[in-house]
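S.K.: Note that the UniProt record's numbering numbers the sequence shown so that position 273 is 273, with each residue one more than the last.
Note that CB positions come from ideal geometry on N, CA and C, so glycine has one too.
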Amino acid sequence: MTIVIEWENAIDVEDKWTAAAMAALEQELETAGPKMAQKPRVTYLFDKNSVAPGTIERALDSAAPNMAKVADLEIVPTDGLTYYKLKNFGIGRAKTNISIMLDSDAAPQPGWLEALLKPFSDPEIVAVGGFTVLGYDDFLSKTFALSWIFNLRDEREKTEKRQKIHANNCAVRTAFFREHSFPDLPAFKKQCGFWLRDLSAQGFKFVRTADAMTIHAPHPGYRFLAWRAWTMGMDRDYQAFQTDTQSKSGRIGFAFGFFGKKVGKSWSRILKKGKKVDLPVWQRPAAMAVALGFYGVGLVGEIKSALTREFEPIQPQPRETPSRKTVAAG
């Protein structure tokens, strides 16, 4: 089993979240590793143009000094690869039957590894998605724990019913993924969604388990959030073009629909579930204003994309009938 970890998120978030992720992974491997037939392999991948040499080594020395003892550790530079390309590259060079994708700022919780691997006892399962929750420690992060795409800790059943797999916490059969890697799309964070859509269209089996939980770092500050909202809007327009409508007016209508849906959902969760993340009642109006601003920036980005960008339609994948031999070969 190989755990592929990109070092792109770590560039943006506070170091404490990356350190917590490393320490949690080391602890999980100390617990689960002895139960495995082979020593796990942990591969950190980074863009050598963006990360100084020795950065990851120093972080490991501080946060997870025993990582090299509990895993076969390797730190691999790449030339300009970004998030999804780092994950494709990492699994492309893996030599184990199962590969796990974990973000550099996502901290595995006890039982994560065993829960993520267990579904592969079914030879027809090709991918397993875990349960990611957003970490929080201040007003802004609490706001987005309620407003972002991830569910809260107690929403396990809701999470498992959602047909989604996030690239920050999932596992795949290595050989299968090499043939069905993340697509190269003109979008920032939509690759895993289109990837999963293709798997479903082709009839491959995947599952999601809430037992494999990680705590992901929150967004690092208002400036980052503004940029993330803008890229979210651009991505949503691409999604609208591919899945809903190719007309400019239809894409603008899709933008307003998404905006209304997300603001309404965020406000409802802030009001009803703020207590679950220790968000005081007196801060909830401000949290609602921040959520409105975030999705408002996203709306502007989505409308601009609809007015200025053109795309080529993605051809639908032909449906396959996966054989037991094909799927189990990973």
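#1: By the 10 Å Cβ neighbour count, where 16 or more other Cβ atoms means buried, how is valine 281 classified, buried or exposed?
#2: Can you have a look at asparagine 88 and say buried or exposed, based on whether 16 or more other CB atoms are within 10 angstroms of its CB?
#3: Write down the C-beta distance between phenylalanine 131 and alanine 212 rounded to the nearest angstrom, noting that I regard them as a contact closer than 8 Å.
#4: What does the alpha-carbon distance come out to for the pair glycine 221 and threonine 231?
#5: Give me, in chain order, the residues of the same chain whose beta-carbon lies closer than 6 Å to that of aspartate 266; leave out the 5 immediate sequence neighbours on both sides.
#6: List the DSSP bridge partners of phenylalanine 131.
#7: Nearest CA to the CA of lysine 205: which residue from Gly129, Phe144 and Arg236?
#8: According to DSSP, is alanine 309 part of a helix, a strand, or is it coil?
#9: Using only alpha-carbon positions, find the residue among Ala229, Phe194 and Ile314 that is nearest to phenylalanine 144.
#10: Cutting at 6 Å between CB atoms, please list the residues of its own chain near leucine 196, excluding the five before and the five after it.
#11: Express the C-alpha separation of isoleucine 98 and threonine 326 in angstroms, rounding to a whole number.
#12: Assign glutamine 191 to one of two classes, buried (16 or more other C-beta atoms within 10 Å of its C-beta) or exposed (fewer than that).
#13: Buried or exposed for methionine 22, please, with buried defined as at least 16 other CB atoms from any protein chain shown within 10 angstroms of its CB.
#14: How about arginine 236 and alanine 306: do their beta carbons lie closer than 7 Å?
#15: Tell me, to the nearest whole angstrom, how far the beta carbon of cysteine 170 is from that of methionine 101; I am working on the premise that it is less than 8 Å.
#16: Taking the alpha carbon of isoleucine 215 as the reference point, which residue from Ala19, Val133, Ser200 and Thr18 has its own alpha carbon closest?
#17: I'd like the list of long-range same chain contacts for phenylalanine 150, defined as Cβ closer than 6 Å, with 5 residues on each side in sequence excluded.
#18: Evaluate residue 335 with the Cβ neighbour count: other Cβ atoms within 10 Å of its Cβ, from every protein chain shown; 16 or more gives buried, anything less gives exposed.
#19: With a CB to CB cut of under 7 Å and the five nearest residues on each side skipped, what residues in its chain are close to glutamate 114?
#20: Taking the beta strand (DSSP E) that phenylalanine 144 belongs to, which residues open and close that run?
#21: For serine 99, which residues does DSSP report across the bridge?
#22: What does a CB cutoff of less than 8 Å around leucine 140 pick up in its chain, not counting 5 residues either side in sequence?
#23: Between phenylalanine 176 and valine 126, is the Cβ-Cβ spacing less than 7 Å?
M.R.: In short:
#1: exposed
#2: Flag for asparagine 88 reads buried.
#3: 6 Å
#4: Glycine 221 and threonine 231 have their C-alpha atoms spaced approximately 16 Å apart.
#5: Contrary to the premise, residue 266 reads as serine rather than aspartate in this sequence. So the qualifying residues of the chain are Ser147 and Ala291.
#6: Met213, per the DSSP bridge assignment.
#7: Gly129
#8: A small fix is needed here, since residue 309 is arginine in this sequence, not alanine. In this structure, arginine 309 counts as coil in the three-state DSSP scheme.
#9: Ala229
#10: Ile165
#11: Here the model assigns threonine 326 a pLDDT of 39, short of 50, so the residue's position is not dependable and the matter cannot be decided.
#12: Classification of glutamine 191: buried, given that the 10 Å Cβ count is 16 or more.
#13: With 16 or more other Cβ atoms from the protein chains shown falling within 10 Å of its own Cβ, methionine 22 counts as buried.
#14: Contact flag unset, no.
#15: 5 Å
#16: Minimum Cα distance to isoleucine 215 is reached at Val133.
#17: Thr132, Val133 and Leu134
#18: Look at the range of the chain in this structure, 1 to 330, and you will see that residue 335 is not part of it.
#19: Correct list, in chain order: Ala32.
#20: Note, phenylalanine 144: premise wrong, no beta strand (DSSP E); alpha helix (DSSP H) at 139-147.
#21: Per the DSSP secondary-structure output, serine 99 pairs in a beta bridge with Thr2 and Val172.
#22: Pro218, His219, Gly221, Tyr222, Leu225 and Val290
#23: yes
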